[in-house]
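Structure first, then comments.
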Amino acid sequence: MNRTALKTAPERPTPLLHQHEALARHIPGRDGWLGELRAAALDRYRRNGLPGRGTEAWKYTNLSRLAEVEFHPARLSPEQGPLELPTEIAAVEGCRLILVNGTLDRQLCDFAKLPKGVVVSGIGQEIETHPARLQAHLGQYSADDAAPLAALNTASFHDGIFLHVPEGVIVSEPIHIISIGAAHEAALSFHPRILVVLERGAQATLVESHAGIVQQPYLSNGVTEIVVGPGAVLRHDVVQDESPHAWHLNYTAVAIGEGGRYESTTVQAGARLARRETHVALNGTRAECRLDGAYVADGESHVDNTTRVEHLAPHCTSKQLWKGVLSGSARGVYQGKVLVARGAQKTDAHQLSRALLLSKTAEMDGKPELEIYADDVKCGHGATVGDLDQNHLFYLESRGIDREEAKRMLIEAFVAEVLDNVTDERVREALARLLRHRLDGRR
Amino acid sequence: MALLEIKNLHATVDGSEILKGIDLVVEPGEVHAVMGPNGSGKSTLSYVLAGRGGYEVTQGEVRFNGKDLLAMAPEERAREGVFLAFQYPVEIPGVAGMTFLRAAVNAVRQHRGLPQFDAMQFLKLARQKAKELGIEEDMLKRAVNTGFSGGEKKRAETLQMALLEPLLFILDETDSGLDIDALRIVATAIDSMRNAQRGMLCITHYNRILNYLQPDKVHILAQGRIIRSGDRTLAEELEEKGYAGFLGQAA
């Protein structure tokens, strides 16, 4: 059969392919099941290319300029030398694993403090030593034709983090994964990969931070796959504080078993273009998820939060609250799709997106969506875009507080609501500080 | 010098004239009641004095302690000592009540050349004032007016008065939405803050609050003008006759 004859759509650009090819012979896991997984992913990326405007899932986020940057693949060996972590990120204590340009650089972790049986390790090393531990889950949740960059990650990643918590084990110490874009002469691209598996009844707190300590553009194209077993509970807080010229793309897929719970708060405060997609599958009865997020963008930056929550079993709940503050010519996107499958009765699903526009040139696209195939469900969604409430402003001013300070108090209060569900006080304070810092820098 | 001097004040909202030439002088230590039917311009007067946006002064002037009040931003008016007690104090979820109060008090103190309070000092002061006013400490822990009942909101405003120590209270229908007991508590608290320097402008429909505040002067506002001024007995006369009687006279 002649392949070219089958083509109907015009070919889409596939930047970063030659970077992939330059590295392909050096990345771990080129044979066996992982080799096949990578080949299928590469094929998916080749077939789909960069998403265009015509792709519904990418209607509001345009990646075409990504093809204009000449990225160089990050080295596969760890960067050496001292590393200055951004203050807010360093403030989060716990077991730290630091990826520099996508490679595990150091593990500042007191392993003796972790319960027996818990595995926290570099995924590159894991591929070499215990590939069987990965096989059941790696790549099983992120094979999505509408996410070609996630496919590129699967084809190209060389390192990342593997966290495994055995049945019934409770990890009380937060585990903090930090992905850093670090100094380099040229624009780098890297593909951090994280796999988290909580077996039945396990519990853990994961903090995932992305930051940059470099002025050059770079591309961080991450994929995080999470399995929350039956009755397991994962608290997952995400900080995106990339450099102002960075591109941040991330695809997080979460599969939750019966009675399992996944709770997440995301703060996006950096990058020139950021898109974080979170896909949650509520696979078992009474599974629960909570997805909250706050974002701050100014200048020309673009920040996208896209979620898809699939209610695939009865009696599941999902709650979402997304709040953003946009100024300058910044653009914000919230796309939230909730799907309730046939038979997923007694579903309770809510999503709310609220954005504050502080300038006439800032823009927000909010698209909460419901797709329901069951008849006994409770679903709600809403989206608001607006300015600060003039009555609130006047009330504060009438008590002697000047306009700028009054605005600052109201904006901070607006986003702070999102942090209410962050259970670890140190994490909550770090997130609040990051938001405050970004909001103050706005002026 | 008069504390507040309003001369021939005209103001419009969305192009229509609401205040049509108000003249009013409040001396230090005096309490004035402004009474009038709905739509007479009572709330507009209070908002114009406090500096709310959306009101355009087309004629006249207002002097506060000899200074041009209308030239000041709302926060400057507050720092100079003007306090508007809102008819409906707004709820501001997410802004901690104590953070708000401290920011306000410190802004006012800075303007008056007084040292700032740190968080601990301020907490102590706020607790003490709250106790004096019979306000439960739990109210201090909540976000600004959030989840407060009508009565609690008005009591929270009396706490603000006690902390900000303004020179002029503008009470915009402070009695509205209060039951008899709550009115007594709020009005007594305000009355206790009366002193020789402080003036009050009490805007109300009813005589009841005036039983507690005992005004020195009573003005009847109708269709944007003060149509009668008198002493305390005018309010009683008004209660008997209703506005209709007075409006007839004015016409």
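Residue numbers (our numbering), protein chains in the order written: chain C, 50 to 492; chain R, 115 to 365.
Even for Gly, the Cβ is constructed at its ideal location relative to N, Cα and C.
Leaving out five residues before and five after residue i in sequence, what residues of the same chain have Cβ atoms less than 7 Å from its Cβ?
| i | result |
| --- | --- |
| P122 (chain C) | Q68, A71, L72 and S238 |
| A240 (chain R) | M212, L215, L254 and L277 |
| T126 (chain R) | I132, E170 and T172 |
| H75 (chain C) | L125 |
| N220 (chain R) | Q230 and F231 |
| S408 (chain C) | S376 and G377 |
| D489 (chain C) | none |
| G368 (chain C) | At residue 368 (chain C) the sequence reads Lys, which differs from the Gly that was named. Once the five neighbours on either side are set aside, the close Cβ partners of K368 (chain C) are R339 and H399. |
| A181 (chain C) | none |
Is there a Cβ of chain C sitting closer than 8 Å to that of residue i, yes or no?
| i | result |
| --- | --- |
| I249 (chain R) | no |
| F231 (chain R) | no |
| E266 (chain R) | no |
| F214 (chain R) | yes |
| I206 (chain R) | yes |
| V209 (chain R) | yes |
| R193 (chain R) | yes |
| V222 (chain R) | yes |
| A240 (chain R) | no |
| A244 (chain R) | no |
| L352 (chain R) | no |
| L198 (chain R) | yes |
| A125 (chain R) | no |
| A270 (chain R) | no |
| D128 (chain R) | no |
| A217 (chain R) | yes |
Which partner residues of residue i appear in the DSSP bridge assignment?
| i | result |
| --- | --- |
| V246 (chain C) | C:H213 and C:V276 |
| S290 (chain R) | DSSP lists no partner for S290 (chain R). |
| I334 (chain R) | R:M149 and R:R342 |
| A210 (chain R) | R:A257 |
| I147 (chain C) | C:R155 and C:I227 |
| S170 (chain C) | C:F211 |
| C338 (chain C) | C:Y311 and C:S367 |
| F283 (chain R) | R:F197 and R:M314 |
| D353 (chain C) | C:R324 and C:V382 |
| N270 (chain C) | C:L298 |
| H124 (chain R) | R:K134 and R:Q173 |
| R284 (chain C) | C:T254 and C:E312 |
| F178 (chain R) | R:L118 and R:K181 |
| L375 (chain C) | C:A346 and C:L406 |
| L331 (chain C) | C:I305 and C:H360 |
| G431 (chain C) | C:L401 |
Could you pull out every residue in the same chain whose Cβ sits closer than 6 Å to the Cβ of residue i, ignoring the five residues on either side in sequence?
| i | result |
| --- | --- |
| A296 (chain R) | G265 |
| E119 (chain R) | V139 and R177 |
| E137 (chain C) | A479, R482 and L483 |
| M314 (chain R) | V145 and F283 |
| A200 (chain C) | A90, R93 and Y94 |
Below 8 Å between beta carbons: does that hold for residue i and residue j?
| i | j | result |
| --- | --- | --- |
| P223 (chain C) | V141 (chain C) | yes |
| P151 (chain R) | A349 (chain R) | no |
| A232 (chain C) | V263 (chain C) | yes |
| R325 (chain C) | W296 (chain C) | no |
| G165 (chain R) | P188 (chain R) | yes |
| G180 (chain R) | M115 (chain R) | yes |
| E251 (chain R) | A244 (chain R) | yes |
| T315 (chain C) | R284 (chain C) | no |
Using a Cβ-Cβ distance cut-off of 8 Å, determine whether residue i contacts chain R.
| i | result |
| --- | --- |
| Y344 (chain C) | no |
| E2 (chain C) | Given that chain C is displayed from residue 50 to residue 492, the structure contains no residue 2 (chain C) and the question cannot be resolved. |
| R492 (chain C) | The predicted model places R492 (chain C) with a pLDDT of 35, which falls under 50 and marks its position as unreliable; any figure quoted below should be read in that light. By this cut-off, R492 (chain C) is not an interface position. |
| F239 (chain C) | no |
| D451 (chain C) | yes |
| F443 (chain C) | yes |
Take residue i and list the residues in its own chain whose beta-carbon comes closer than 8 Å to its own, dropping the five residues that flank it on each side.
| i | result |
| --- | --- |
| A358 (chain R) | none |
| R124 (chain C) | N150 and T152 |
| G308 (chain C) | P279, G280, G333, T334, R335 and A336 |
| G135 (chain R) | N122, L123, H124, Q173, G174, G338 and R339 |
Is residue i near the ligand NAP, judged by its Cβ being under 7 Å from some heavy atom?
| i | result |
| --- | --- |
| K386 (chain C) | In the structure shown, the ligand NAP is absent, as is every other ligand, since no ligand is present at all. |
Q: Can you give me, in chain order, the residues of the stretch 455–484 of chain C that have a beta carbon less than 9 Å from any beta carbon in chain R?
A: A455, M458, L459, E461, A462, F463, V464, A465 and E466
Q) What residues from the stretch 418–441 of chain C come within 9 Å of chain R, judged by C-beta to C-beta, listed N to C? A) D438, Q439, N440 and H441
(Q) Short of 8 Å Cβ to Cβ, which residues in the stretch 140–172 of chain R face chain C? (A) A164, G165, R166 and G167
Q) Just by C-beta distance, which residues in the stretch 174–191 of chain R are closer than 9 Å to chain C? A) A187, P188, E189, E190 and R191
Q. If you measure beta-carbon to beta-carbon, which residues of the stretch 274–287 of chain R are closer than 9 Å to chain C?
A. Q274 and L278
Q. Relative to chain C, which residues along the stretch 302–333 of chain R have a C-beta separation below 8 Å, given in chain order?
A. none
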